[in-house]
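So the structure is just underneath, and the comments pick up after that.
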Amino acid sequence: MAGIKRALLSVWDKTGVEDFARALHDMGVELLSTGGTAKALREAGLPVRDVADFTGFPEMLDGRVKTLHPKVHAGLLHRRDEAAHLHAMEEHGLEAIDLVCVNLYPFEATVARPDVTFAEAIEQIDIGGPTMIRSAAKNMAFVTVVTDPADYDRVLAEMRANEGATTEGLRRELGLKVFARVAAYNAAIADWLAAQSSGEGAPPFVRVHLEAEPLRYGENPHQGARFYREAPRGVACIGEVEQLHGKAMSYNNYVDGDAALEAARELAEAPAVAIVKHTNPCGYATGATLAEAFEAAWAGDTVSAFGSVIAVTRPVDLATAELTRGRFIEALIAPDFEPDALDYLQKKSKDLRLLRLRGPMAPPEPGVAFRQVNGGVLVQDRDTGLLQHWVVPTETPFPAEKRALAEFGIRACKHVKSNAIVIVRETAPGCFALLGMGAGQPNRVDAVRKLAVTKAAENIAALYESTGGYGQTPGEFSASILGECVLVSDAFFPFPDNIQNAAEAGLHFVVQPGGSVRDEEVIAACDRFGVAMALTGMRHFRH
1109 MAGIKRALLS
1119 VWDKTGVEDF
1129 ARALHDMGVE
1139 LLSTGGTAKA
1149 LREAGLPVRD
1159 VADFTGFPEM
1169 LDGRVKTLHP
1179 KVHAGLLHRR
1189 DEAAHLHAME
1199 EHGLEAIDLV
1209 CVNLYPFEAT
1219 VARPDVTFAE
1229 AIEQIDIGGP
1239 TMIRSAAKNM
1249 AFVTVVTDPA
1259 DYDRVLAEMR
1269 ANEGATTEGL
1279 RRELGLKVFA
1289 RVAAYNAAIA
1299 DWLAAQSSGE
1309 GAPPFVRVHL
1319 EAEPLRYGEN
1329 PHQGARFYRE
1339 APRGVACIGE
1349 VEQLHGKAMS
1359 YNNYVDGDAA
1369 LEAARELAEA
1379 PAVAIVKHTN
1389 PCGYATGATL
1399 AEAFEAAWAG
1409 DTVSAFGSVI
1419 AVTRPVDLAT
1429 AELTRGRFIE
1439 ALIAPDFEPD
1449 ALDYLQKKSK
1459 DLRLLRLRGP
1469 MAPPEPGVAF
1479 RQVNGGVLVQ
1489 DRDTGLLQHW
1499 VVPTETPFPA
1509 EKRALAEFGI
1519 RACKHVKSNA
1529 IVIVRETAPG
1539 CFALLGMGAG
1549 QPNRVDAVRK
1559 LAVTKAAENI
1569 AALYESTGGY
1579 GQTPGEFSAS
1589 ILGECVLVSD
1599 AFFPFPDNIQ
1609 NAAEAGLHFV
1619 VQPGGSVRDE
1629 EVIAACDRFG
1639 VAMALTGMRH
1649 FRH
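Residues in the sequence shown are numbered consecutively from 1109, following the numbering used here.
Right, dumping it as structure tokens:
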């Protein structure tokens, strides 16, 4: 292929463009440009031909029309190996454009500003740029298109190695980046416009992700996997973390990391810890300090916590870091790490993944969640709710002082796979922890009787051994603990049997959404066993 003779440069992000243009000029490439880019290149002492001179048509409509002209697009789109195309170019006095260097108006950055107006956002919708780079990319067999300053040196290196030409392999790679960028750009525009209109929930499209990170494998070694990262939004999420230490993230690490971080964000206003195994919080607690919360969360299920992913709501200090001694953890996600804590954790294990959030730790924000099924994608609003109302229909009142514990239990239950049951306790004034959890069961009876109550009993037995039981028998000690706990269900109880199971275990306080056709039977069972029950009106299934 012949070397590049003419290049059109029109960029918003001018990082490195002067050096790139100078190198092109030094290789004998004619420079075409527009507006601010042309001004910057001239100020750098480079000879530039205005696109208006090239087309014979002035820029107009406040710059909205600059490159939307047949001379530009014919220069890009004509095939250099088609006699008819070459004849048409000669007949109409058209000139070839061999390289396009364009990046787009910063629409995403503009709409990220909280004070942006509709008019300002609309003006940042690029028209000529996407049109030009699509034309160039369609003709990637002959035209080189550069949309990322990171690719400038690669293009120049190939030109120097190939007598001013680029290879077809590079042109195809750069062409692919064009269509990925344009798809993401259009998705961002549609996403923002949808949010400005009716607020009816999920947009009718799936955002295209730009940055593909290869992973070692998927859930199992025989499955290939990649992580497609969304454009940064400056929020606390698993897609926007800085890895400070440890092995590369795996597919399962990302899945559990997302579950841990989203559960921790529910407790963002307190020192809190979420310990996740296979996407379920097996440990979940708040404390007066992060170290206290860590100890309480770990005690929730010391067996399942082995090989877990942990997210915390405060910077990790040395006292918290030292609690990881002798405990195998896959990843630790935090807003930050104190220098001595980071040094301790890095020395503790070469494999421990330490992930620092790029955005502020904050409660979950509204948005949409995607889930793939074979043949399509399901989209729903994120579950950022807690409860719709607080109604106590039982003869036994639900004490006001138990409300905060109950709400902690709802936050925990939201992140447990359905059918979900959690038993939570107050470990110190205003500090709460998960005591027992039943997750992912086909029926709620097993989640209560076989899992949540059983795990709570195991943890109470361990607590009895560590404290000496305060002079009580094991039975008395267990009754004193369970009698102050709250049991929370993610959905209504379809039958009274769960109330009987809870009462026989020694539980006196229950929270559930309500809404079953047998609510009256369930309420009657509560009254029969002296159980106080609150109805929230909001289900939290997590499939």
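Beta carbons are placed, not taken as given, at the ideal position from N, Cα and C, and that holds for glycine.
Secondary structure of residue i, DSSP reduced to three states
i	result
residue 1271	coil
residue 1639	coil
residue 1124	coil
residue 1353	strand
residue 1158	strand
residue 1197	helix
residue 1489	strand
residue 1297	helix
residue 1345	coil
residue 1361	helix
residue 1620	strand
residue 1606	helix
residue 1187	coil
residue 1540	strand
residue 1232	coil
residue 1480	strand
residue 1411	coil
residue 1389	strand
residue 1253	strand
residue 1593	coil
residue 1309	Any answer about residue 1309 is weak, because its pLDDT of 49 lies below 50 and its placement is not dependable; what the coordinates show is given next. Correct three-state label for residue 1309: coil.
residue 1280	helix
residue 1400	helix
Distance between beta carbons of residue j and residue i, contact taken as under 8 Å
i	j	result
residue 1391	residue 1383	3 Å
residue 1241	residue 1263	Residue 1241 to residue 1263, Cβ: 14 Å. No contact.
residue 1417	residue 1439	5 Å
residue 1643	residue 1499	5 Å
residue 1422	residue 1443	7 Å
residue 1622	residue 1645	6 Å
residue 1596	residue 1521	5 Å
Cβ shell of residue i (< 6 Å), same chain only, five flanking positions each side left out
i	result
residue 1412	1385 and 1390
residue 1429	1449, 1452 and 1453
residue 1310	Low local confidence applies: a pLDDT of 48 at residue 1310 is under 50, so the model's placement there is unreliable, and no value is given.
residue 1479	1486
residue 1586	1568
residue 1185	1243 and 1247
residue 1342	1467
Cβ-based burial, residue i [other Cβ within 10 Å; buried from 16]
i	result
residue 1620	buried
residue 1364	buried
residue 1370	buried
residue 1217	exposed
residue 1279	buried
residue 1221	exposed
residue 1570	exposed
residue 1132	buried
residue 1206	buried
residue 1362	buried
residue 1517	buried
residue 1414	exposed
residue 1463	buried
Close-in-space but distant-in-sequence residues of the same chain around residue i (CB under 7 Å, 5 per side omitted)
i	result
residue 1426	1446, 1448, 1449 and 1452
residue 1124	1257 and 1260
residue 1347	1337 and 1338
residue 1358	1323 and 1324
residue 1653	Nothing can be reported for residue 1653, as the shown portion of the chain is limited to 1109 through 1651.
residue 1367	1384, 1387 and 1523
residue 1510	1594 and 1617
Other residues of its chain near residue i: CB distance less than 8 Å, five sequence neighbours each side excluded
i	result
residue 1138	1113, 1114, 1115 and 1157
residue 1286	1241, 1242, 1244, 1245, 1253 and 1255
residue 1211	1119, 1120, 1121, 1237, 1255, 1256 and 1257
residue 1604	1626, 1629, 1630, 1632 and 1633
Residues sharing a beta bridge with residue i, DSSP
i	result
residue 1326	Answer is none; residue 1326 lacks a bridge partner.
residue 1418	1383 and 1440
residue 1708	Residue numbering for the chain in the displayed model covers 1109 to 1651; residue 1708 lies beyond these limits and cannot be assessed.
residue 1463	1351 and 1441
residue 1546	1529
residue 1119	1211
residue 1262	In DSSP, residue 1262 forms no bridge with anything.
Any chain D beta carbon closer than 9 Å to residue i
i	result
residue 1287	The structure shown contains no chain D; it is built from a single protein chain.
Near the ligand NAP: residue i beta-carbon under 8 Å from a heavy atom
i	result
residue 1621	Absent from the structure shown: the ligand NAP. Ligands present: none.
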